[in-house]
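Below, the structure written as structure tokens:
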């Protein structure tokens, strides 16, 4: 049987240079169709990303922890609905002003 996680786009940010993390994550989020999800694996809690999505893209994404440390965090992020998806583009920049530096 195929694990459902294998069918979702996945980024392991532990393997991505810090300046490239946010542009890659937001590029992947922007490409998600409504109802589709992606996975993020990190060596730290990505809660700041969750807060950013909630405050800047309210109602567009769902967030589910699949694993919560202490060494590895895994999160599934789902694009929630077509109406929100058509009205908001995440772009490839996180919008926090970091320039991808965190």
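Numbering (my numbering), first residue to last: 6 to 107. No residue lacks a Cβ here, since even glycine has one placed at the ideal position from N, Cα and C.
Next item on the list: State the CB to CB distance for the pair residue 43 and residue 22, rounded to an integer number of angstroms; the pair is presumed to be in contact (CB under 8 Å).
Entry: Locating residue 43 in the chain shown gives position 38, counting from the first residue. Locating residue 22 in the chain shown gives position 17, counting from the first residue. Rounded, the Cβ-Cβ distance is 19 Å, inconsistent with contact.
Next item on the list: Quick one: grab the DSSP three-state call for residue 36.
Entry: In the chain shown, counting from the first residue as 1, residue 36 sits at position 31. Three-state result, residue 36: helix.
Next item on the list: Confirm, please, whether the CB-CB distance from residue 83 to residue 40 is below 9 Å.
Entry: The sequence position of residue 40 within the chain shown is 35, counting from 1. The sequence position of residue 83 within the chain shown is 78, counting from 1. Yes, these two residues count as a Cβ contact at 9 Å.
Check: Under the three-state reduction of DSSP, which class applies to residue 13: helix, strand or coil?
Finding: Numbered from its first residue, the chain shown carries residue 13 at position 8. The answer is coil: DSSP assigns residue 13 none of H, G, I, E or B.
Item checked: Exposure of residue 47, with buried meaning 16 or more beta-carbon neighbours within 10 Å -> In the chain shown, counting from the first residue as 1, residue 47 sits at position 42. With 16 or more other Cβ atoms inside 10 Å of its own Cβ, residue 47 counts as buried.
Check: So the beta strand (DSSP E) residue 47 belongs to, where does it begin and stop?
Finding: Your numbering for residue 47 matches position 42 in the chain shown. Residues 42–47.
Next item on the list: Output yes or no for whether 9 Å exceeds the beta carbon distance between residue 54 and residue 16.
Entry: In the chain shown, the residue the question calls residue 54 occupies position 49. In the chain shown, the residue the question calls residue 16 occupies position 11. Not in contact: residue 54 and residue 16 (Cβ atoms no closer than 9 Å).
Item checked: Contact set for residue 73: own chain, Cβ-Cβ below 8 Å, skip 5 residues either direction -> The sequence position of residue 73 within the chain shown is 68, counting from 1. For residue 73, where only same-chain residues beyond five positions count, the Cβ hits under 8 Å are 50.
Margin query: Counting C-beta neighbours from all protein chains within 10 Å, is the total for residue 52 16 or more, i.e. buried, or is it exposed?
Written below: Position 47 of the chain shown, counted from the first residue, corresponds to residue 52. The residue is exposed, with fewer than 16 neighbouring Cβ atoms inside 10 Å.
Next item on the list: Give every residue of the same chain whose Cβ lies closer than 6 Å to the Cβ of residue 69, excluding the five residues on either side of it in the sequence, and list them in chain order.
Entry: By one-based count along the chain shown, residue 69 stands at place 64. Excluding residues within five positions, the ones whose Cβ falls inside 6 Å are 81.
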